[in-house]
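Protein chains in written order, with my numbering: chain E, 622 to 750; chain W, 157 to 328.
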């Protein structure tokens, strides 16, 4: 079966309900794949740049302050979260990010996002239809 | 006293190098591998942070920020509470020269603000034409800014900029 990023978005949405966006970017901020829900309009390249900067800063903080390996960053807002995790795609460092719907379950968001990040490390996605 | 200095300029102009050169400790570095051909292997996507003590009382926080406009979120972050700005321009690089206008506007550079323009990559070519173009640009902003040719790898070059920023601050 050919898996596309759209499939992954739909699958994630069925578990977490009403997610706004799922985005995969290279570590230097170039969008590889991006899916948005219909009602949510924004520039996915902006999200890629922002998530790559924030992840790089989070990694530096983890290394310099706690001397630990970075795992994830979460930005909480009054309506939802932006969750960012590091992954690999086709052997290159990437960042997978998710913008949740209203009132997200943080534990579930983290669990499924890590699971997807893990899957992407060995996956080859087909081009979106 | 702690003050914040930002280093900005196009990709490959020497921001990371100058922060590394000036900082009293190994700087916090947020370079990642570049996936597109930008003329070098690594590129900054977050902030290069270092610090330098000037005398006993003045500590300068050195913030090298990404050159690409798409990272302007980081520029916003650094702009808050900014004391001084160093704009690096690549010699004979039209894109880098033209970016100067955008940076002067974004960082709201005004007469009296400690700000220096440093032209890099001058080792193998004269910087006269680049400097003339820069002078024409800053004339439009009604500011008089010092323009230096520097080698970011050399500490004396980097220190010259720091001392100039302090001198501008003391005379305004």
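For each residue, glycine too, the CB sits at the ideal point set by N, CA and C.
Being a predicted model, the structure only gives us computed values, none of them experimental.
Between residue 676 of chain E and residue 716 of chain E, the gap from beta carbon to beta carbon is short of 8 Å. Using a CB distance cut-off of 8 Å, residue 255 of chain W does not count as an interface residue toward chain E.
Nearest neighbour of residue 195 of chain W by Cα position, chosen from W/219, W/166, W/158, turns out to be W/166. With a beta-carbon spacing of about 7 Å, residue 210 of chain W and residue 318 of chain W fall inside the 8 Å limit used to define contacts. In this chain, the beta strand (DSSP E) harbouring residue 303 of chain W covers 303-305.
When rounded, the separation of the alpha-carbon atoms in residue 720 of chain E and residue 202 of chain W is 21 Å. Our two residues, residue 695 of chain E and residue 284 of chain W, have alpha carbons roughly 49 Å apart in a direct line. At least 8 Å separates the beta-carbon of residue 322 of chain W from that of residue 303 of chain W.
For residue 690 of chain E, no CB of chain W lies under 8 Å from its own CB, so it is not counted at the interface with that chain.
Rounded to the nearest whole angstrom, the C-alpha separation of residue 736 of chain E and residue 629 of chain E is 11 Å. Residue pairing by DSSP places residue 263 of chain W in no beta bridge whatsoever. In terms of Cβ geometry, residue 672 of chain E and residue 708 of chain E do not form a close pair [threshold 8 Å]. Contact between residue 275 of chain W and residue 293 of chain W is ruled out by a C-beta separation of about 13 Å, above the 8 Å threshold. When W/277, W/187, W/325 are compared, the shortest CA-CA separation from residue 308 of chain W is found for W/277. Contact annotation: the segment 739-749 of chain E does not touch the segment 658-667 of chain E, with fewer than three C-beta pairs closer than 8 Å. Taking the beta carbon of residue 649 of chain E as reference, the chain W residues within 8 Å of it are 188, 189, 190, 191, 192, 199, 201, listed in sequence order.
Assigned with DSSP and collapsed to three states, residue 230 of chain W falls in helix. Taken in chain order, the complete alpha helix (DSSP H) segments of 4 residues or longer contained in the segment 193-258 of chain W are 228-235.
8 Å or more divides the Cβ of residue 223 of chain W from the Cβ of residue 161 of chain W. Secondary-structure assignment with DSSP links residue 654 of chain E through a beta bridge to E/645.
A Cβ-Cβ distance of about 16 Å is found for the pair residue 233 of chain W and residue 206 of chain W, leaving them out of contact under the 8 Å criterion. Membership of residue 187 of chain W in the beta strand (DSSP E) is indicated by the continuous run 187-189. According to the DSSP secondary-structure assignment, residue 295 of chain W is paired through a beta bridge with no residue. Listed by position along chain E, the residues whose Cβ is nearer than 8 Å to that of residue 230 of chain W are 674.
Residue 687 of chain E sits exposed, since fewer than 16 C-beta atoms from the chains shown fall within 10 Å of its C-beta. In terms of Cβ geometry, residue 214 of chain W and residue 159 of chain W form a close pair [threshold 8 Å]. In this structure, DSSP gives residue 159 of chain W an extended state, which the three-state scheme calls strand. In the three-state DSSP reduction, residue 742 of chain E falls in the coil class, being neither helix nor strand.
Looking at W/183, W/314, W/305, the one whose alpha-carbon comes closest to that of residue 248 of chain W is W/305. Bounds of the beta strand (DSSP E) holding residue 274 of chain W are 271-276. Residues of chain W whose Cβ lies closer than 7 Å to the Cβ of residue 685 of chain E are, in chain order, 184. In terms of Cβ geometry, residue 326 of chain W and residue 298 of chain W do not form a close pair [threshold 8 Å].
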